[in-house]
Amino acid sequence: MKMRQLGALCLLTLAALASARPKAGPEQKCKSGPVDLVFLIDSSRSVRPHEFETMRKFMIDILSTLDIGLNATRVGVVQYSSQLRNEFSLKTHAKLDAMVKGINEIIPLAQGTMTGLAIKYIMNSAFIAEEGDRPQVPNVAVIVTDGRPQDRVAEVAAEAREKGIEIYAVGVARADMASLRAMASPPFEDHVFLVESFDLIHQFGLQFQDKLCGMDLCLESDHGCEHICESSPGSFHCLCLPGYTLNEDGKTCAAIDLCAQGKHDCEQICVSSPGSFTCDCNKGYKLNDDKKTCSTIDLCAEGKHDCEQICISAPGVFTCDCNKGFKLNKDKKTCTNMDLCNTVEHGCEHQCVSTLGSYYCICPEGQLLQEDGKSCGTCKSANIDLVLLIDGSKSVRPQNFELVKKFVNQVVDSLDVSAHGTRVGLVQYSSRVRTEFPLNMYHTAEEIKAAVMKVDYMEKGTMTGLALKHMLENSFLESEGARPSSRNIPRIGLVFTDGRSQDDITEYAKKAKEAGITMYAVGVGKAVEDELRVIASEPQEKHFYYTTDFTAISNIAENLKLNVCPEESQGEIEVKDPCACESLVEFQQATMSSLEQLTQKLSGMTTRLEQLENQLLSRK
Numbered sequence: 230m231k232m233r234q235l236g237a238l239c240l241l242t243l244a245a246l247a248s249a250r251p252k253a254g255p256e257q258k259c260k261s262g263p264v265d266l267v268f269l270i271d272s273s274r275s276v277r278p279h280e281f282e283t284m285r286k287f288m289i290d291i292l293s294t295l296d297i298g299l300n301a302t303r304v305g306v307v308q309y310s311s312q313l314r315n316e317f318s319l320k321t322h323a324k325l326d327a328m329v330k331g332i333n334e335i336i337p338l339a340q341g342t343m344t345g346l347a348i349k350y351i352m353n354s355a356f357i358a359e360e361g362d363r364p365q366v367p368n369v370a371v372i373v374t375d376g377r378p379q380d381r382v383a384e385v386a387a388e389a390r391e392k393g394i395e396i397y398a399v400g401v402a403r404a405d406m407a408s409l410r411a412m413a414s415p416p417f418e419d420h421v422f423l424v425e426s427f428d429l430i431h432q433f434g435l436q437f438q439d440k441l442c443g444m445d446l447c448l449e450s451d452h453g454c455e456h457i458c459e460s461s462p463g464s465f466h467c468l469c470l471p472g473y474t475l476n477e478d479g480k481t482c483a484a485i486d487l488c489a490q491g492k493h494d495c496e497q498i499c500v501s502s503p504g505s506f507t508c509d510c511n512k513g514y515k516l517n518d519d520k521k522t523c524s525t526i527d528l529c530a531e532g533k534h535d536c537e538q539i540c541i542s543a544p545g546v547f548t549c550d551c552n553k554g555f556k557l558n559k560d561k562k563t564c565t566n567m568d569l570c571n572t573v574e575h576g577c578e579h580q581c582v583s584t585l586g587s588y589y590c591i592c593p594e595g596q597l598l599q600e601d602g603k604s605c606g607t608c609k610s611a612n613i614d615l616v617l618l619i620d621g622s623k624s625v626r627p628q629n630f631e632l633v634k635k636f637v638n639q640v641v642d643s644l645d646v647s648a649h650g651t652r653v654g655l656v657q658y659s660s661r662v663r664t665e666f667p668l669n670m671y672h673t674a675e676e677i678k679a680a681v682m683k684v685d686y687m688e689k690g691t692m693t694g695l696a697l698k699h700m701l702e703n704s705f706l707e708s709e710g711a712r713p714s715s716r717n718i719p720r721i722g723l724v725f726t727d728g729r730s731q732d733d734i735t736e737y738a739k740k741a742k743e744a745g746i747t748m749y750a751v752g753v754g755k756a757v758e759d760e761l762r763v764i765a766s767e768p769q770e771k772h773f774y775y776t777t778d779f780t781a782i783s784n785i786a787e788n789l790k791l792n793v794c795p796e797e798s799q800g801e802i803e804v805k806d807p808c809a810c811e812s813l814v815e816f817q818q819a820t821m822s823s824l825e826q827l828t829q830k831l832s833g834m835t836t837r838l839e840q841l842e843n844q845l846l847s848r849k
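Just so you know, we're using my numbering here: the sequence shown kicks off at 230 and counts up by one.
Shown next, in the form of structure tokens:
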């Protein structure tokens, strides 16, 4: 409908100002709105020269009545016979004089009458963006012919109309009415014209001139006004509803936002509506009776809260808090007494720290909390980079390998493990060497111990020398997590083995110590003492350990801890012949003594727990 209405506006001006009426001056032109108009003129042999001149004048007279321009009406001209010639396209000329000049220079083709071919051409090649066709602008074609088409026109004309091209068919003299109706857009009474001769062709436009200039463009055109269209003779203009203002495009409207313009007296929030406003308040405030100012909503003062102890008000909301010595529970309303340090006998040697429903002890800087959780010791492991090399050879056997992993974890428990404290890496070796995890992989003791317990047993041979070489060349690289030597972080290597090495250990044991790595050697079972001493750093009595079977290696872990914390040591460890009877006796005595001490500690902790339980029951 849009295409038909606006397309008609062009044709309504056709020859209305021809010889039968005075020619219109620029001020008399009817402005029909933008139209893309293409003339398709028949220049076959049957059109005589003087008739073609009449057709030429017909087109010029029509153009003289139109508002020509790139933003108004664009015009193209195509002539056809047995072939086609595009005289000028929609984008070629922007002024009437140039179009008139182009029309006057047309040379007739003087061949057959291939009207269907011509319609297909304008559909696919004239009304396209590359040739100046505009989107959302009506496409209008005026076909002028004097005879019957020599090809099929019905199908291609229907396709053109489906694509939105409004077609006017003007027949002269010998033209076939059935063909004209097959080409033209409906209704036929508005789009099909048949005159007896080219001299009468100007009548095509006369009957529509008054209708064009007197039509209501708001009703019969796509005016584009967003709100209101107001017609005037041959034109229209757009208006807006109250509370809106017309935009610069002359068609769309924008709401008048009094809030944005500051034309209001709201204290807090201005709610805009077109040309008007209402006031509102921020959350926690209420609008006063004057509908402009706001007052605070104090829920605590109004008693509209469920805090157990303290209500802290904010506009429209509240939060709960607790008195000193109490802590707010997860429900953010009730409170729990958290100062157990002042209500029970905590037994902390240095300081008691209360927590929610419990407490814990802490020690002064430089001391560590002992196993009883209350007393403090002065031992604090130094920050070190420790790499453990554990023997995974076939002679160890699977059940003993599990004891080796527990030994490693016992050593880890004695260290202050963190990214900035002690770092631990683990290497397993047999006939080959495998890094289980480097120094920078784990940063807590729990992570390391979990990783240790997941290590798979390798089996096969005992290449201790190869393991030492791997440690020296790989394990203490900065890329593997070792801290730079400039930071003076001690580098410690601990080798655990149960038998004689199948390769030479001397070279790389020496190179490791020369590289500043402090070496510990731990042997069990068939381990060779001479090899262990070659590996161990000086003094060897502090860096070399041995036991006869795997079940006793936990005691070695305790001895290692004593060397880390020398202030707790009861003296240096004397290395004796492991096969001597007195050594076995000493080992048994030491083990029994440790068990007795542990039993005493457990008994003391049990007694203490009973005391705490009694105190708590007495307070209920």
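Where is the CB? At the ideal position from N, CA and C, for every residue including glycine. As the structure is a computational prediction, the values presented were derived from the model and not from experiment.
Considering only residues of the same chain and omitting the five flanking positions on each side of residue i, which have a CB-CB separation below 6 Å?
i	result
Glu709	Pro667, Leu668
Pro255	Only weak support is given to the placement of Pro255: the predicted model assigns it a pLDDT of 39, under 50, and the value that follows is read from those uncertain coordinates. No residues qualify anywhere along the chain.
Gln497	Cys510, Asn511, Cys523
Glu459	His466, Leu468
Val366	Pro263, Asp265
Pro795	Its pLDDT being 41, under 50, Pro795 is placed unreliably in this model, and the value from its coordinates should be taken loosely. Cβ neighbours of Pro795 beyond the five flanking positions: none.
Asp439	Residue confidence is low: Asp439 scores 42 on pLDDT, short of 50, so the model does not pin down where it sits. No coordinate-derived value is stated.
His456	Cys469, Leu470, Cys482
Gly443	Residue placement at Gly443 cannot be trusted, given a pLDDT of 48 that sits under 50; what the coordinates show is reported in the next sentence. So the list is empty, once near-sequence residues are dropped.
His579	Cys592, Pro593, Cys605
Ser248	Annotation note: pLDDT 35 at Ser248 (below 50); position unreliable, no value reported.
Check each candidate in the options and name the one with the smallest Cα separation from residue i.
i	options	result
Val633	Asp645, Asp620, Asp642, Ser624	Asp620
Ala750	Thr474, Glu334, Val616	Val616
Thr777	Ser604, Glu384, Val757, Val763	Val757
Ala404	Glu395, Gly745, Val276	Val276
Met748	Val573, Asp727, Pro719	Pro719
Asp265	Leu528, Tyr775, Gly554, Val304	Val304
Ile396	Pro364, Glu359, Ala347	Ala347
Gly504	Ala484, Gly513, Ala489, Lys561	Ala484
Ser714	Val724, Met700, Ser730, Ile613	Ile613
Glu537	Pro544, Asp560, Gly545	Asp560
Leu208	Arg314, Arg274, Lys324	Residue 208 falls outside the range modelled here, since the chain spans only 230 to 849, and no answer is possible.
Asp375	Val424, Val382, Glu334, Ile336	Val424
Phe779	His493, Val753, Asp759, Arg377	Val753
Spatial neighbours of residue i within its chain, please: C-beta separation below 7 Å, excluding the five flanking residues on both sides.
i	result
Lys520	Cys508
Ala765	Met748, Tyr749, Ala750, His772, Phe773
Asp535	Lys562
Gly341	Ser273, Ser310, Ser311, Gln379
Val382	Thr344, Gly345, Ile348, Ser408, Ala411, Met412
Thr651	Ser610, Asn612, Ile613, Leu615, Leu644, Asp645
So, residue i versus residue j, is the Cβ gap smaller than 8 Å?
i	j	result
His672	Ser643	no
Val640	Ile677	no
Leu487	Ser501	yes
Val385	Lys349	yes
Asn638	Val681	yes
Gln308	Met343	no
Leu557	Ser542	no
Ala741	Val763	no
Gly602	Cys590	yes
Cys570	Ser587	no
Val656	Ala711	no
Val653	Asp727	no
Cys182	Lys492	In this structure the chain extends from 230 to 849, so residue 182 is not present and cannot be described.
Asn333	Arg285	yes
Quick one: what's got a C-beta closer than 8 Å to residue i's C-beta in the same chain, skipping five residues either side?
i	result
Ser659	Asp620, Gly621, Ser622, Lys623, Met687, Glu688, Lys689, Gly690, Thr691, Met692
Phe417	Arg410
Ser318	Gly305, Ala355, Glu360, Gly361
Asp478	none
Below 8 Å on the Cβ atoms is my guess for residue i versus residue j; work out the distance and round it to an integer in Å.
i	j	result
Gly694	Ile734	4 Å
Phe705	Leu618	About 12 Å; that fails the 8 Å criterion.
Gly513	Gly545	2 Å
For chain B, is any of its Cβ atoms less than 8 Å away from the one on residue i?
i	result
Glu760	Protein chain content of the structure displayed is limited to a single chain, and chain B is not contained in it.
Report yes or no: do three or more beta-carbon pairs, one from the stretch 269-279 and one from the stretch 291-302, lie closer than 8 Å?
-> no
Taking one C-beta from the stretch 369-377 and one from the stretch 316-336 each time, how about it: are there three or more such pairs within less than 8 Å?
-> no
Touch test, the stretch 386-393 against the stretch 275-295, Cβ-Cβ under 8 Å, three pairs minimum = no
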